[in-house]
Amino acid sequence: MPDDTGSSGMQMPETKPGELMPASPFGGNHVVDAVTGIAASKSRSLGSDAASAIVAASMSQMSRELESERKSNSDLRDKIEMMTSQMGEERSKVAVLEERVRSEQRTKNLRNLCILIGTSMVVFAIELYANELLKYAAPTSGFGVLLLAYGWFSSGRAKTK
């Protein structure tokens with residue numbers, strides 16, 4: 115039995131360590147490499163030479179299919195992330211549009227009220243004019259026309275980008 119087995123606990127580190135290669139736990143196909151190595155060594159542990167070649171080939175094929183599925187899975191995750199982002203943007207647009215619809219209803223009621231009051235004021239101003247109260251007829255008709263113009267021509271719609 116050799117004396118320097120490394121199990122005594124008295125090992126000393128090398129003064130010039132060798133070049134270390136970073137471990138890649140998710141890279142490569144360790145099982146496939148192991149099965150291919152066993153098959154290449156003509157080991158009888160896998161049965162005959164034909165059986166070991168079949169096992170090695172099937173492991174290699176399954177490994178390629180696994181990588182293909184991983185790539186497909188990654189592509190689908192990217193697509194889901196993109197669609198989730200787009201859905202968030204669309205939800206924001208919907209919320210803005212819903213608020214515009216509610217606001218339009220409120221301004222529509224205000225415009226209708228302005229048309230009603232404006233029309234009433236113009237009719238009242240005509241009556242004042244007929245009774246020769248020109249001092250009151252002119253401002254009343256002017257204010258009534260302004261209310262009518264606001265009710266007719268204000269749309270309440272914001273310009274969209």
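Following the working numbering, the numbering of the sequence shown begins with 115 at its first residue and continues without gaps. Even for Gly, the Cβ is constructed at its ideal location relative to N, Cα and C.
With burial defined as no fewer than 16 other Cβ atoms inside 10 Å of the residue's Cβ, what is the status of residue i: buried or exposed?
{"i": "residue 235", "result": "buried"}
{"i": "residue 265", "result": "buried"}
{"i": "residue 170", "result": "buried"}
{"i": "residue 268", "result": "exposed"}
{"i": "residue 195", "result": "exposed"}
{"i": "residue 199", "result": "exposed"}
{"i": "residue 261", "result": "buried"}
Please list the terminal residues of the continuous alpha helix (DSSP H) segment that includes residue i.
{"i": "residue 255", "result": "248–267"}
In chain order, what residues of the same chain lie with their CB nearer than 8 Å to the CB of residue i, ignoring the 5 residues before and after it?
{"i": "residue 259", "result": "232 and 236"}
Going by CA-CA distance only, name the one from the options that's closest to residue i.
{"i": "residue 239", "options": "251, 247, 246 and 168", "result": "251"}
{"i": "residue 224", "options": "182, 246 and 263", "result": "263"}
Can you tell me whether residue i sits near the ligand FAD, meaning its C-beta is under 7 Å from at least one heavy atom of the ligand?
{"i": "residue 240", "result": "Summarising the ligand content, the structure contains no ligands, and the ligand FAD is consequently not present."}
Closer than 6 Å by C-beta to residue i: which residues in its own chain qualify, once you throw out the five before and the five after it? Chain order, please.
{"i": "residue 246", "result": "none"}
{"i": "residue 226", "result": "none"}
Below 7 Å CB to CB, which residues in the same chain sit around residue i once its five sequence neighbours on both sides are set aside?
{"i": "residue 254", "result": "235, 238, 239 and 242"}
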